[in-house]
Each structure stands twice: as structure tokens, then as C-alpha cells.
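Chains as they are written, first to last, in the numbering used here: chain A, 257 to 663; chain B, 25 to 407.
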């Protein structure tokens, strides 16, 4: 079942209609599913954060507050849409939609199960790179068009941060593409199935742990999640670029934030964790998976992306925020060099790993070893800052009166 | 009306690229200002070029009000100066009135006062830890953890005094009523819980690289400069000076207690945070010693108090170590049942004088953290 070589130009004709109509139907399904998922992501985030913070979270609307998201939606849609007098009207009003469109465009190429997407692009990864650059436009528009200084500061921070972190993000994905030898997301997922006999059979997180770490960090930054939530910092710029928005436009920002969180999670699990690829059924059952394959594939995609999203929520509850100079320094001085080094290492190993050359047969192990060494270097680099910090365990309660003359 | 800083827009040559400094108003309604403080930052991109604080949004005329009320009536207003540690304020006020009127305080009442004051200090510093974590960017987690411990201390206050934040428990000449029966047991339980909560917070904040990186070497103040700026309390001790009124000029029963004065090394934000953390442990030690040494029974209010306290004449200046620094009260009596003049030297107000010096030259995000590290209470700043 995990034959990555099948690439249908317009996907599986799922609904038995002409291909453009088929695409429209799929797009509508994606939007609807995404909306519901986003609603429950907001609910889930509130619940998860609440549990981390020793609270209960929403409890009043329905059992355990499960209708909270619907109540919020009704409230937000019904709320007055306020536009500040000195806002640039069209820029201000279109910004939320422009932040949302790139997210939708990314969602359109993600394979949720084998060949299950709006479109399967042969250059899917390349397409995602291209779309990521568009993300900034809407946010900059919101920041500059709101006529608010907090929004301006937030918009500028967002632009600086997203532009910088896009480079390591793309480079880390490129190094995976080198290993996968494809830019097709479906083929990438298929290549990671634990299916003996079909190409690579380990998820790329094992082959490229450094790329995984860089991708995860840069992803946090692209999503403005803690500890990189500088553009939307509540305690500094009070929400940043969407500080002036209310009602439906504000909820569009929230929608695109959570939708991109989900999209990135699915995308990341496709690239690094194997996406929809389920282990070979013969490991568990005699006659293949019970039921249709797509159910298993869809569920495993959802499980993997939920793990990512949970990690994001966890970090949000535990991490303080970096400062803008620390953030930039981390990107340009640490992540970027490491990702470039990794690309060169990959090229070296893959070139000499071809048939009949020096590393023939060992290239996978070498990839893991070099990238793993890089990952360890990255972790040590981050923690070595920590090792320099003052140990508190011994100090608390052990301070003595310093011998300083009193004034 | 305070003046707004002038926004100077220089006339630029048309084809030249230039940047203009931007003023950005933080407060009085801003989540990071801990109340109704307002500061106008002039920023060059992300760098702070100038900072001008504006205060007075919570001014209630405490000092003038105190002249209009009976000595016992104005207690409630003094609660509301440092509203995170009402008992400490009450203690300073009561000590001033007692000194004016020459009133004795029973020994048990002194111990009760110190216990209450130190519990208030723990309470206030918990508030600092929680709010400071939020300033640095943890989304409310430190806040809720700190809040849990504060709730327990407030519950204890409610059991003792009938009120949580503004207990109005002390009286000139003692305290208004004796402790409830199981107080000692409850208090020890609260202390254990607070100690555990502190260790959790310590692990979460000091144990986080990002937190330490954000705080270290930020807004350092030398001891000389600290004295010149009039800093006191943890702000001054963070610079390395062990200046604590409880040690330097012991009042009440502090001379009988064994505790240390935590000091920092370079007066940066991390030291201020850390001195407060260490102080909380010392406060716990003090409370435990008080519980051990306290007379198990006895009077808690001076029995010779007149029905209406009238003071012919007198003048005094009482210095106490409040939670934010040196909380001192000047009182002048010229007959009658009301003071002629009351004056409060509020530590938060004096500590704010260092703000501009620390903030200028840092980033906007740092300005928020530095303001958080001052640990101001607006009720005390604006009186």
C-alpha cells in the first residue's frame, strides 16, 4: 500500500466528478474540517494550559465546557467590528484575510492520508516554501494599517522574526529533501513507512535529528508561539499586530493562527515522522489492516499532529519569552550555520554513498551520526548557557551578611 | 495636568533616509504596569532612548485623610497603601501612634504582629514572583502557582482577622483579638505549603535558561548609586548592601530573632529577583521562631487603653522594613484625638526614582522586566 511512486496529477478522483469540481469540493471539506478543528484547538489549548496552571479551564458550557468553542464563536461573530479612525481602511480590513489565505494554501497540499489532499503536487515541498513567504504580508498589513504603535512594533517584530527564521526552516527541510530524494510530500511520507523493502524505512527524524530540531525551533518562531511569541507579547505590546481588531476580524487572526499551528503540525509530521505512513500490517495482523487503509492513515496523521500541538501548548505554559536580540542571535549565529553545515554534510555523504563508492551501504548510518552529532552540539550550546547560571540550590537560605560598610 | 513629552519631528531632507524616535505610552492600562502606573518610552526601533514615569492615578490623599480621622479610624486607609502586605503597613502606623501616645504593647501581641508582618512579606514576594514571571513572558503559570500559596496565606489571615487583603487587625497598643485556637498548627501547615510552592517556582524560573538570560546583567545598580537614588529594601540589598531595618535598627522583637539578610552581587534584575526569593526563606524562619518563642497565652491588647486616644503633643519618625523597602511613618500630634500631620515615606515611590536610569539604553522588553523587578505597588506609590 505504501507505494510512493504513484503520483497522481490531480489526486484520486474521489467524488467521481470533473477534476476542478472535485478540487472545489475537497477545498470546502478542508475549510469546514479546519474550522471545527481550530475551534477545538482553542478549547484544547485553554484546557491544557489550565491543567498546567493548576486550574480547570472552561467548565460551564456543557460537560467539561466542551461547547465553549461554539459559544466563543457566536460571541465573536456577533461582536461589533470596530475600526480605529486613523487606521488605513482597506489595509486594516483585508489584513486578517490575507493572513488566512496562505494557511489555507498550505493545507491544500498536505496529504492527510495516502493521496488524500486537495492536490498532490510533485513539488509540494517547494510550494510550501513559497507560500511560507506570503505569511508575512498580512501581518505587516495589520501592523502598519492599524494606526497603533503597539501594532506597529508588533508588526515590525513579526516581520523581522519571520523573515529570519524562514531561512533555517527552509534549509532544514532541504536537507531532508536531499535524503528523501523527492519534493513530493506524499512520496516523502511513503518513504518513511516502517515497511521493509520500500526505500528508506525509518522516519526522517532519526536520519536527520538536527534538521528536526531546527525545524521545530523555526516553526515555533513562524507560529509566534512561546518562547518566540515576541510579536504578540501580551506583557509588552499587548497582542501586537492584532491589538486593534475585534469581532470577526480578530477571530480571523485567531483562526489563521491555530489553523497554521495545525497545518505546521501535519506538515512537520509528514516530513519528519512519516505522516500517514502506518507500519506494515503484517507486523500485527494476518490479513492486512482491518477496515480501509485510509482510516488508519488519517488517524495516525491526527495522532502525530496532536503530539506536536500538545508540545506547542506545553512550551507555551512553561517558557518565558526571549528578547528580540537574543532571538535574532540564535537564528543567525546558531541555527543558520548548523543548517548549512548539515546540507554540506548530507551532500558529501550522499555523493560518496552512491553505489560503488566509499560509503556505499553506510550512508544512512553516516547521516544519522553526523546529524545526531549536530543535534547534540545544538543542545549542548543551549544548555551551556544554562550551566553558566548561578546554582540556586546551595544559595537559598545560605546567604551571609556581606562585609560591606553600612552607609 | 502633567505635560506630555513633546514629539519632535525633525525636518528631514527629502531624499535622505532617516529614522525618527517614537514615543510609546505604556500604561496606565497595560498588563505589565501592575496597576495604574504609566511610563512614556521614547524608542528608537526597539531601543529605549528615554523613559518618563507618570504617577498619581491612584492618589487618595492618605496623609491628609489621616488628619481628619480618629487614630483608630484611619487604620483601614493605611492598609491600602501597600495592599499586598496590609499587616506591615498597619504595624508601622500602629508603632507611630504608640510612640506618640506612649502605649505599651503586650509581648504576645508583639509576636503576633511579627508573624503577621512576615506572612505578609511572604505573600507580597509571592505576588512578585508570579507577576515577574508573567513580565518575563511565562503565560500565567508562575502567576497561578504563586496565587495558590497566596490564597492559603490569605485564608490564614481571614481566620485570624476576618478579612483577607485589608485585615485591619492591629490596633495601637496591640492587636484587635487573639489568635484562633489551632493557629499554630495551621500556620505551620501554610508555611510548609509555601516552602514547597517556592521550590516549585524556583525550579520553574531560576531553572529556566531563558529566564536567567533575560534577567542577568540587566539594569545593574552600584551600591553608591543605589544610596544616591534613595533605593531601599530588596532593591538596595541586591546591590550588595546588607541594609535591613530589622537588623540595623531592630524594632518590635526582631532583635530576639535569628535571621540573615540576603544580599545580591551586582544589583541586576536577577539579583533583585533572587534576594526576594532568599528573603522569603528567611521570613519563614522568622515565623517559625516566633511560633516557638511566643507566650502561649496572655493579653493581646493593652488593657489601659483609653476609650478615645488623645495625644497632647509629640512627634516621631518610625522606620520599618516594609516588603518593598523602608516603610517609614512620620507623625506629629498637637492635641485632640487626631494627628496633626502624618507622612509616609513609601519605598515603592523612592525605588521608582531609579527606573529611568535602569531603563534607558535597554530594549522595550527589558523595560517591562526592569519595571517588574522594582516590584512597585501603586497604592503605595500614589498614597
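All C-beta atoms, glycine included, are put in the ideal place defined by N, C-alpha and C.
Under the DSSP assignment, residue 76/B falls in the beta strand (DSSP E) whose first and last residues are 71-78.
If the five residues before and after residue 329/A are omitted, its C-beta is found closer than 8 angstroms to the C-beta atoms of 295 and 507, all from its own chain and listed in chain order. The segment 425-489 of chain A contains, as complete alpha helix (DSSP H) runs of 4+ residues, the segments 441-446, 460-463 and 465-478 (chain order). Under a 10 Å Cβ-count criterion, residue 246/B is classified as exposed, with fewer than 16 other Cβ atoms of the shown protein chains found around its own Cβ.
With contact defined as three or more Cβ pairs closer than 8 angstroms, the segment 70-80 of chain B and the segment 103-120 of chain B are not in contact. Sorting 348/A, 332/A and 333/A by C-alpha distance to the C-alpha of residue 339/A places 348/A at the top.
Annotated three-state conformation of residue 109/B is coil, per DSSP.
Just so you know, the alpha carbons of residue 175/B and residue 184/B end up roughly 14 angstroms apart. Against chain B, a Cβ distance below 7 angstroms from residue 582/A picks out 237. DSSP, reduced to helix, strand and coil, places residue 49/B within a strand of the structure shown.
Taking each of 490/A, 400/A and 344/A in turn and checking the Cα distance to residue 53/B, the smallest one comes out for 490/A. Its chain contains no residue whose beta carbon lies nearer than 6 angstroms to that of residue 212/B once the 5 sequence neighbours on both sides are disregarded. Cβ-Cβ distances below 6 angstroms link residue 310/B to 142, 281 and 283 in the same chain, with the five nearest sequence neighbours on each side left out; the list follows chain order.
Measuring C-alpha to C-alpha distances from residue 445/A to each of 527/A, 620/A and 317/A identifies 527/A as the nearest. Assignment of residue 577/A by DSSP, reduced to helix, strand and coil, places it in the coil class. Counting only Cβ-Cβ distances below 9 angstroms, residue 387/B has contacts in chain A at 579, 580 and 581, in chain order. Bridge partners of residue 423/A according to DSSP: none are assigned. As the crow flies, the alpha-carbon of residue 327/A is around 23 angstroms from that of residue 566/A.
A distance below 7 angstroms between beta-carbons, with the five flanking residues on each side excluded, links residue 407/A to the following residues of its chain, in chain order: 398, 399, 496, 497, 499 and 500. Residue 362/B holds the alpha-carbon nearest to the alpha-carbon of residue 336/B among 349/B, 324/B, 362/B and 346/B. Here residue 434/A is not near residue 310/A, since their CB atoms are 7 angstroms or more apart. The three-state reading of DSSP puts residue 335/A in coil, since its state is none of H, G, I, E or B. Within the same chain, Cβ atoms closer than 6 angstroms to the Cβ of residue 291/B are found at 244, 245, 262 and 263, the five residues on either side in sequence being excluded. Rounded to the nearest angstrom, the Cβ distance from residue 423/A to residue 592/A is 6 angstroms, consistent with a contact under 8 angstroms. Between residue 353/B and residue 198/B, the C-beta spacing is not below 7 angstroms. Beta-bridge pairing by DSSP links residue 340/B to 355/B. Straight-line measurement puts the Cα of residue 107/B at about 7 angstroms from the Cα of residue 403/B. Counting only runs of 3+ residues, no beta strand (DSSP E) is found wholly inside the segment 151-205 of chain B.
A Cβ of chain B is located within less than 7 angstroms of the beta carbon of residue 490/A. If you draw a straight line from the Cα of residue 407/B to the Cα of residue 113/B, it is about 12 angstroms long. Annotation note: the segment 317-363 of chain A contains the following uninterrupted alpha helix (DSSP H) runs of length 4 or greater, listed N- to C-terminal: 324-334 and 345-363.
Beta-bridge pairing by DSSP links residue 372/A to 369/A.
At a cut-off of 7 angstroms between beta carbons, residue 310/A contacts chain B. In this structure the segment 303-323 of chain B does not lie against the segment 228-239 of chain B, because fewer than three pairs of beta carbons, one per stretch, are closer than 8 angstroms.
Uninterrupted alpha helix (DSSP H) stretches at least 4 residues long and entirely within the segment 492-530 of chain A occur at 503-528, given in chain order.
Here the C-alpha atom of residue 48/B lies approximately 21 angstroms from the C-alpha atom of residue 578/A.
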